[in-house]
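Q: Numbering (my numbering), first residue to last: 31 to 260. For every residue, glycine included, the Cβ atom is placed at its ideal position computed from N, Cα and C. Computed from a predicted structure; not experimentally measured. Before anything else, here's the structure in question.
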Ligand code: GCU
Ligand code: CA
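This is how it looks when you write it as structure tokens:
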């Protein structure tokens, strides 16, 4: 590219994190250049290219691009001489999954409830809740999807109208991670959410609450699974 000239190309990209990289050199009095990437939302990211007489790698990592048409523009700074660019690449380095929370109801398959699905204590979400059989081992199990492997926050919505806490093993994909105590909430109609942190695999995961006391589980309404962006 001669001084002050520019060239551009449009490509269609999925959402995600990208690294823009190139080899570049300048000659004559062209003392700089610039590569910009404009994504479909109009956001502009800039890679500045300083003067160098030999080809030098220039890179900008961690560019978050929206899905759709991205425009890559190379501009030479003013002057008489050239900007030369070689091996230009825009490489996706990770997912582009959006953070979000997914609710899984205890009464909706593939969730399973070792007990009955009841609806006699108001305040639940969906059409009911899992009233686990009052026995150790009478579990509730949810199946949760994650777009990418990583840490997730799970919220167990429950009510315990009894006078003592009920404890249960938290078992994710067959591995027991913790023993969790579900304190009395004051009434069977008082629902609260207990937040826990787990590691999930990409794809399908089983999340089981397996009571370790003879009283069994509290009543369990649903599970909210929050996964971060990747
Ligand atoms: C009561 C309540 C149930 C609850 C049970 C228990 O029977 O109505 O919803 O599951 O107590 O102690 O587990
Ligand atoms: Ca019960």
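Would you please state the rounded distance, in angstroms, between the beta carbons of residue 170 and residue 95? I believe it to be under 8 Å.
A: So it is not a contact: roughly 40 Å between Cβ atoms.
Q: Do residue 113 and residue 50 come within 7 Å of each other at the CB atom, strictly closer than that value?
A: Against a cut-off of 7 Å, the Cβ pair of residue 113 and residue 50 comes out as no contact.
Q: Given a cut-off of 7 Å, decide if residue 70 and residue 98 are closer than it, judged by their beta-carbon atoms.
A: Result yes, Cβ atoms of residue 98 and residue 70 sit closer than 7 Å.
Q: Can you tell which of 82, 48, 183 and 191 has its C-alpha closest to the C-alpha of residue 55?
A: Of the listed residues, the one whose Cα sits closest to residue 55 is 82.
Q: Taking residue 261 and residue 210 to be in contact with their CB atoms under 8 Å, please state how far apart those CB atoms are, rounded to whole angstroms.
A: Given a span of 31 to 260 for the chain in the structure shown, any question on residue 261 remains unanswerable.
Q: If you compare alpha carbons, which of 175, 173, 138 and 168 is closest to residue 158?
A: Ranking 175, 173, 138 and 168 by Cα distance to residue 158 puts 138 first.
Q: Among all the DSSP beta bridges, which residues are the ones paired with residue 48?
A: Note: residue 48 sits in a beta bridge opposite 93 and 122.
Q: Run through DSSP, which three-state label would residue 137 get?
A: DSSP places residue 137 in coil when its eight states are reduced to three.
Q: Assuming residue 106 and residue 63 are in contact, meaning their beta carbons sit under 8 Å apart, how far apart are those beta carbons, in whole angstroms?
A: Their Cβ separation, rounded to whole angstroms, is 5 Å, which keeps residue 106 and residue 63 in contact under 8 Å.
Q: Identify which residue in 258, 206 and 187 has its Cα closest to the Cα of residue 247.
A: The candidate whose alpha carbon is nearest that of residue 247 is 187.
Q: For ligand 2, any of its heavy atoms closer than 6 Å to the Cβ of residue 175?
A: Checking the Cβ of residue 175 against ligand 2 gives no.
Q: In whole angstroms, give me the CA-to-CA distance for residue 33 and residue 84.
A: Taking the straight line from one Cα to the other gives about 17 Å.
Q: With a threshold of 6 Å (Cβ to nearest heavy atom), would residue 150 be considered close to ligand 2?
A: Outside the cutoff, so no.
Q: Less than 7 Å separating the beta-carbons of residue 176 and residue 232?
A: Contact flag set, yes.
Q: Indicate, with yes or no, if ligand 1 has a heavy atom lying under 6 Å from the CB of residue 161.
A: At least one heavy atom of ligand 1 is nearer than 6 Å to the Cβ of residue 161, so yes.
Q: Please find out if some non-hydrogen atom of ligand 1 comes closer than 6 Å to the beta-carbon of residue 190.
A: No, ligand 1 has no heavy atom inside 6 Å of this Cβ.
Q: When you compare each of 120, 39 and 257 to residue 101 by their alpha carbons, which one comes out closest?
A: Nearest C-alpha to residue 101: 39.
Q: Is the beta carbon of residue 190 sitting closer than 7 Å to the one on residue 245?
A: In this structure, residue 245 does not lie closer than 7 Å to residue 190 by Cβ.
Q: Measuring from the CB of residue 218, is there a heavy atom of ligand 1 at a distance below 6 Å?
A: Yes; taking the cut-off as 6 Å, the Cβ of residue 218 has a heavy atom of ligand 1 nearer than that.
Q: Hey, residue 225 and residue 173: beta-carbon distance below 7 Å or not?
A: No, the Cβ-Cβ distance between residue 225 and residue 173 is not below 7 Å.
Q: Tell me whether residue 241 is buried or exposed, calling it buried when 16 or more other Cβ atoms sit within 10 Å of its Cβ.
A: The residue in question, residue 241, is buried, as its Cβ has 16 or more Cβ neighbours within 10 Å.
Q: Give me whichever residues DSSP pairs with residue 106 in a beta bridge.
A: Partner(s): 63.
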